[in-house]
Amino acid sequence: MSRFFAKSDSESEESSSADEITPKATGTTFNKQALLLSDDEEDTKRVVRSAKDKRFEELTNFIKTIRNAMKIRDISKCLEEFEQLCRAFIKSKAIVDKEGVPQFYIRLLADLEDYLNQLWEDKEGKKKMNKNNAKALSTLRQKIRKYNRDFETEIASYKENPEQSAEEEEEKDDIGSGSSSESDDDDGVTAKSFMKKKPQEEEKAAPEASKFLKGAADEESESEDDDESEHWSSDSVGSGSESEDNEGTAASLAVVFLKKTQDGDKQSDRRRDDKKEDRKRRLKKKPTEEEGEEEGEAEEGGWEKVKGGVPLVKEKPKMFAKGTEINTAVVIKKLNEILQARGKKGTDRAAQIELLHSLAGISNENNLGEGILVKIKFNIIASLYDYNPNLAAFMKADMWKKCLDCIDELLDILFNNNNIFIGENIAEDSENLAVSDQPFRVRGCILTLVERMDEEFTKIMQNTDPHSQEYVDNLKDEGRVCGIIDRLLQYLETKGSTEEVCRVYLRRIMHTYYKFDYKAHRRSLGLQGETKSEQDQEESEGEDSAIIMDRLCKFIYAKDRTDRIRTCAILCHIYHHALHSRWYQARDLMLMSHLQDNIQHADPPVQILYNRTMVQLGICAFRQGMIKDAHNALLDIQSSGRAKELLGQGLLMRNMQERNAEQEKIEKRRQVPFHMHINLELLECVYLVSAMLLEIPYMAAHEFDARRRMISKQFHHQLRVGERQPLLGPPESMREHVVAASKAMKMGDWRTCHSFIINEKMNSKVWDLFPETQCVREMLVRKIQEESLRTYLFTYSSVYDSISMETLSEMFELELPTVHSIISKMIINEELMASLDQPTQTVVMHRTEPTSLQNMALQLAEKLGGLVENNERVFDLKQGVYGGYFNRDQKGGYQQKQGYQRGAPDQRGGYQQKQGYQRDQKGGYQQKQNYQRGGYRNQNQSSY
Amino acid sequence: MASRKDTPSGKTLDTPVKQIQIEGLVVMKIIKHYQEEGQGSEVVQGVLLGLVVEDRLEITNCFPFPQHTEDDADFDEVQYQMEMMRSLRHVNIDHLHVGWYQSTFYGSFVSRALLDSQFSYQHAIEESVVLIYDPIKTAQGSLCLKAYRLTPKLMEICKEKDFSSEGLKKASVGFEHMFEEVPIVIKNSHLISVLLWELEDKSTAADKHELLNLSSSSHLEKSLQMLMDRVDDMSQDIVKYNNHCRSLSKQQQQKHQYVQRRQQENAQRQSRGEPPLPEEDLSKMFKPPQPPPRMDTLLIASQINTYCQTIKEFTSQNLGKLFMAEALQGPSS
């Protein structure tokens with residue numbers, strides 16, 4: 001409101017006169033106004049406008065004084081002010097360049113020149129003038145002549161048709177007020193009539209005035225600037241007052257408008273016309289865009305006002321003329337009018353939405369048919385999406401609800417009316433909206449709208465605090481979103497092209513893949529003992545998400561032509577399989593898709609999806625007891641240490657050099673909503689436990705290896721951190737538990753290891769997050785037993801001559817066959833130099849393992865080889881290639897020997913080769929994953 | 001003994017020390033010192049006292065250095081030594097400084113620190129020796145005490161402080177010629193000898209079987225480990241040296257090219273009658289890279305040599321023992 005008052009000074013007299021009435025205006029209006037204005041978007045724009053306005057304010061102030069001086073024939077004052085005006089004009093040069101020379105300025109120049117010429121001609125008057133004034137007159141005349149030369153064209157055009165241009169109207173007003181001194185009689189009359197009317201219309205005037213105020217305020221709220229704003233404010237005033245006139249009310253503006261009626265006689269007859277026509281006329285006159293906008297504005301203002309207290313029916317006359325027959329053509333025209341303002345700088349989007357709504361209401365009332373309704377609905381939804389100016393902002397809750405409702409309604413209409421064709425490719429002019437025998441043809445794409453809605457939903461979820469009740473409330477809308485997508489899916493299945501069907505399928509998949517289907521899970525558990533036929537029956541009747549996924553995905557695989565949708569569908573499918581522990585399907589799909597090869601070329605959201613899928617795959621493998629697969633799948637995500645970022649579950653704290661605000665925004669937009677997150681602690685725990693199960697036996701087997709490689713750096717890092725601890729307390733965090741368990745396992749103490757991995761704390765932190773907790777725990781215990789047995793054998797085999805398998809099976813609580821199989825496997829893999837003595841059930845150690853001393857000697861030999869090589873290199877350098885301490889052959893011989901030495905360790909144990917083999921085997925997706933990770937990172941980097 | 005005339009430090013003896021005669025007391029004191037204060041790889045040190053008789057260095061007494069602790073950083077070693085020697089003089093014990101002793105861990109004693117301190121000793125007191133006591137070998141049944149002196153060649157190099165490869169080459173010092181070992185004789189008084197005889201007579205065979213211990217792997221492992229570490233160091237040093245050589249030769253090449261270019265240009269200018277370009281300081285433009293000090297490498301080599309010697313000794317002894325054991329076992333089985 002304060003803004004309004006501040007502004008009102010800069011307004012012309014009309015508005016200031018309106019100002020007087022403001023106190024009378026009802027409070028409610030003002031509140032509403034304040035609400036409308038309290039749009040942050042507008043706040044930002046206010047700054048810009050004020051700069052412009054200030055300049056023009058300055059100019060208008062000068063002009064005002066000049067006109068006043070003209071009235072009292074104070075030429076010297078005129079001269080003084082004119083000089084100041086010129087200076088001010090130069091100052092505002094920048095804005096003028098941008099906006100064009102303001103009309104009021106031109107007008108003043110023209111008027112002033114005319115006025116001066118008039119004075120000049122009037123010899124008598126000149127004689128009467130005092131000396132100062134006479135001197136000033138001549139100076140000013142010369143000056144203005146010179147000055148006007150720069151604006152010749154503008155002034156000429158202005159003078160040519162002062163009647164036709166809207167400025168002219170305005171100008172006339174001004175002239176009227178300016179030359180009021182000349183036409184005293186008129187003035188007197190108007191004043192009188194005004195005085196007479198005023199008391200009668202007192203009560204009416206108040207609301208009207210407030211309405212007018214509203215209009216003016218609206219005007220201001222727009223980022224309308226320059227002269228035009230001024231014009232328009234007065235223009236809208238004009239229109240407002242005109243309508244008032246219609247009703248026989250005389251507002252305080254009467255002075256001005258009475259003047260105008262006398263001047264602009266043409267308009268007097270039209271005064272009776274409805275507002276719309278008036279607007280149209282002006283549209284013709286000035287088809288600038290600003291104007292149209294302004295029109296809308298002005299009308300909105302007026303219209304909204306009424307809506308405040310008056311029933312809906314009364315609203316109609318505002319939209320259309322009372323007598324107008326409301327038919328399709330008119331409504332479309334109106335719709336286009338409203339839409340023209342869309343996306344413009346000064347448009348009040350909320351009001352526009354309201355307007356569209358009312359238009360929909362009108363068309364509904366008049367039974368204009370579904371076609372037009374659909375058309376309007378499309379536009380309503382589009383404007384709802386447009387409501388937020390920038391991409392990052394998310395929809396407000398009420399907007400969102402409205403949007404959902406609208407889409408629902410739209411779908412209702414589409415379902416109820418089979419004869420509506422909608423499509424993006426229907427040209428604007430080939431639309432058929434009227435009720436006729438032909439089916440409706442409407443331009444627009446419902447799919448795009450729904451997709452946009454889905455995105456908005458994601459945005460809302462991204463921007464809600466995931467730990468608040470609000471998030472839960474928002475999440476409840478997920479059902480509705482899914483419902484809409486489902487309905488759209490049904491609709492498009494009958495009407496849409498395959499391409500569209502693919503798109504909507506993908507949407508459906510996106511809303512399905514991450515959800516664990518508890519119903520199906522329970523069913524499969526419950527039915528295990530029952531007959532097969534029953535199971536089949538249940539499966540067919542229940543909508544298993546797996547079946548849906550399968551159906552949708554297969555359709556996409558078959559029909560989709562864009563790579564992206566297929567990629568996403570495959571990934572989601574894999575994810576869904578993995579989530580439901582269908583490991584082999586998931587793995588096969590992953591391998592068949594060959595996504596690992598080219599995922600690095602995908603866009604970041606797809607890469608994030610890929611990472612999520614990979615992680616889910618790893619966790620699935622873990623649940624199934626495929627420790628190695630689990631480890632390999634998780635390795636890349638975990639080893640980067642940026643799991644959070646790679647999964648799109650949060651941004652890492654980084655300094656601003658690496659990422660500026662813009663990129664941060666982009667990255668934020670990529671984040672996965674909280675309800676789709678994969679638990680990072682679970683992820684890490686799964687990774688570390690699988691690394692432990694792989695690494696500890698490996699470490700035991702390769703204790704003396706000089707060049708042993710780590711399977712998992714991450715795990716080793718955790719171990720080192722654990723060792724660095726000066727005082728080891730009982731483990732607290734998940735990592736500490738794993739480290740403690742690893743230490744126990746290293747000693748072959750599976751019981752302790754077990755108690756560290758599976759206990760209350762770990763259950764609540766990690767294991768209970770799995771759907772089949774019990775199975776996972778059992779699997780884990782068994783794995784721990786087996787791997788501990790292996791570790792024990794590796795570590796202590798040198799101590800034993802032979803060991804009974806029974807003892808081992810007792811020690812590790814494993815059945816004899818299992819022990820037998822594990823040991824056999826170790827022997828076959830040449831990890832354990834031993835043989836099985838069948839009759840006594842014992843393992844007999846061969847002791848062919850090199851002793852530590854021998855190992856050491858071998859290492860030393862290797863090192864010496866390196867040393868000699870280095871030494872020779874020095875020698876080569878000194879002597880050139882030809883000279884030589886050894887001659888060539890000798891050297892070769894020596895190197896051969898070296899080769900032999902180096903070969904020796906390889907021969908000694910098959911397991912080194914095996915290790916290589918393992919590494920090769922690992923290959924598969926791991927290698928490719930490297931690419932992928934690199935890809936994502938590279939992309940990130942390149943975008944930095 | 002106190003009447004022995006001082007040999008001024010600057011004077012060179014005609015006959016360097018050829019033999020060292022150690023009192024049993026000194027040996028006992030050194031062993032005791034280690035037993036009480038040294039553990040594991042910690043090293044104990046002390047001062048040897050005695051005098052030179054002709055070409056024989058007689059070490060008659062010693063006293064330990066206190067173990068360094070962090071609390072008394074301001075502990076003055078020299079002050080302590082002087083006080084000790086003065087006190088010993090008061091009770092009429094040999095007080096002439098003739099060297100120092102140090103314990104060792106698996107024969108690792110060749111280090112820069114030892115070289116430096118032995119150099120300063122030998123520089124100040126011509127006849128100084130360093131006694132190396134190996135407690136681990138001793139514990140295995142054979143007393144291991146060795147005396148070393150720096151060779152005159154090495155002394156010269158150390159005096160000049162020229163450890164570049166050229167300097168070492170000029171002096172033709174190899175790792176074999178860094179230290180010279182001086183034979184040691186342990187001398188006891190007759191009474192003690194008698195006592196020892198008597199003790200030996202009384203002792204049972206079981207007390208002596210440590211000598212015949214067949215287990216060797218742990219000792220060997222340890223030695224190998226240390227040897228390996230040294231070899232690693234050596235490799236690094238060589239690589240460093242190699243890089244140096246390469247960069248040096250590269251620079252040489254550049255320099256050569258530059259000079260040639262310069263000459264060509266000058267020739268051209270001369271033909272055109274212009275004055276030749278001014279001479280520039282080539283050494284400034286092509287600063288040779290800092291050569292890596294070779295002394296450390298030399299020391300490492302020497303250390304490796306020592307390790308090898310010990311391992312060789314150890315294994316040959318062990319082999320003997322093994323053969324002996326086999327021979328003993330043979331008839332019985």
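Just so you know, the protein sequences line up as chains A and B, in that order.
Residues 1 to 944, numbered by full-length UniProt numbering, are exactly what the first sequence covers, in order.
Residues 1 to 333, numbered by full-length UniProt numbering, are exactly what the second sequence covers, in order.
No residue lacks a Cβ here, since even glycine has one placed at the ideal position from N, Cα and C.
- Taken through DSSP and simplified to helix, strand or coil, Gly330(B) comes out as helix.
- Beta-bridge partners assigned by DSSP to Pro64(B): Gly46(B).
- Comparing alpha carbon positions, the residue from Ser742(A), His737(A), Glu478(A), Cys775(A) closest to Glu760(A) is His737(A).
- Residue Ser363(A) holds the alpha-carbon nearest to the alpha-carbon of Ile332(A) among Ser363(A), Ala134(A), Arg87(A), Cys86(A).
- The secondary-structure analysis by DSSP pairs Ala147(B) across a beta bridge with Leu131(B), Val182(B).
- For Ser87(B), no Cβ of chain A is located within less than 8 Å of the residue's own Cβ.
- With the rule of 3 Cβ pairs closer than 8 Å, the stretch 449 to 461 of chain A counts as touching the stretch 372 to 392 of chain A.
- Interface residue (Cβ-Cβ distance to chain A less than 8 Å): Met234(B) is classified as such.
- If you draw a straight line from the Cα of Phe555(A) to the Cα of Cys502(A), it comes to about 8 Å.
- At a cut-off of 4 residues, the continuous stretches assigned as alpha helix (DSSP H) that sit fully inside the stretch 267 to 311 of chain B are 282 to 285.
- For Ala156(A), the closest of Arg107(A), Glu772(A), Thr139(A), Asp749(A) by C-alpha to C-alpha distance is Arg107(A).
- Proximity of Gln879(A) to chain B, defined by a Cβ-Cβ separation below 8 Å, is not satisfied.
- Per the coordinates, the alpha-carbon of Gln329(B) lies some 10 Å from the alpha-carbon of Leu322(B).
- In the three-state reduction of the DSSP assignment, Glu126(B) falls in the coil class.
- For the pair Tyr101(B) and Cys62(B), the CB atoms are nearer than the 8 Å cut-off.
- Within the stretch 824 to 857 of chain A, contact with chain B at the beta-carbon level (separation under 8 Å) is assigned to Thr851, Ser852, Leu853, Met856, Ala857.
- Interface residue (Cβ-Cβ distance to chain B less than 8 Å): Gly866(A) is classified as such.
- Straight across, the Cα-Cα distance linking Ser92(A) with Lys52(A) is about 8 Å.
- Within a 10 Å sphere around the beta-carbon of Asp116(B) sit fewer than 16 other beta-carbons, which makes this residue exposed.
- Distance from His677(A) to Leu475(A) at the Cβ level is roughly 13 Å; contact not present, criterion being Cβ atoms closer than 8 Å.
- Near chain A, meaning a CB-to-CB distance below 7 Å, no residue of the stretch 292 to 310 of chain B qualifies.
- The three-state reading of DSSP puts Gln236(B) in helix, counting H, G and I together.
- Close CB contacts of Ala741(A) within its chain, under the 7 Å cut and outside five residues either way in sequence, are with Met692, Cys753, Phe756, Ile757 (chain order).
- Distance between Glu265(B) and Gln879(A), taken at the CA atoms: about 32 Å.
- Secondary structure of Lys878(A) (DSSP, three-state): helix.
- Contact of Val874(A) with chain B is assigned, a C-beta pair being separated by under 8 Å.
- Secondary structure of Val110(B) (DSSP, three-state): coil.
- Chain B has a Cβ within less than 8 Å of the Cβ of Leu860(A).
- Take Met84(B), set aside five residues on each side of it, and the residues of its chain with a beta-carbon closer than 8 Å to its own are Val47, Phe63, in chain order.
- Within chain A, the residues placing a beta-carbon under 8 Å from that of Asn242(B) are Asn870, Arg873, Val874, Leu877, ordered along the chain.
- Within the stretch 358 to 406 of chain A, the runs of alpha helix (DSSP H) at least 4 residues long that lie entirely inside it are, in chain order, 370 to 386.
- In this chain, the alpha helix (DSSP H) harbouring Thr458(A) covers 446 to 462.
- No residue range can be given for Trp767(A), since it is assigned to no beta strand (DSSP E) and is classified by DSSP as neither H nor E.
- Given a length threshold of 4 residues, each whole run of the alpha helix (DSSP H) inside the stretch 735 to 798 of chain A is given here in chain order: 750 to 757, 760 to 765, 773 to 796.
- Residues are counted here when their Cβ sits less than 8 Å from a Cβ of chain A; for the stretch 95 to 124 of chain B the count is zero.
- Only those residues of the stretch 217 to 231 of chain B whose C-beta falls short of 7 Å from the nearest C-beta of chain A are listed: Ser217, Leu220, Glu221, Leu224, Gln225, Leu227, Met228, Val231.
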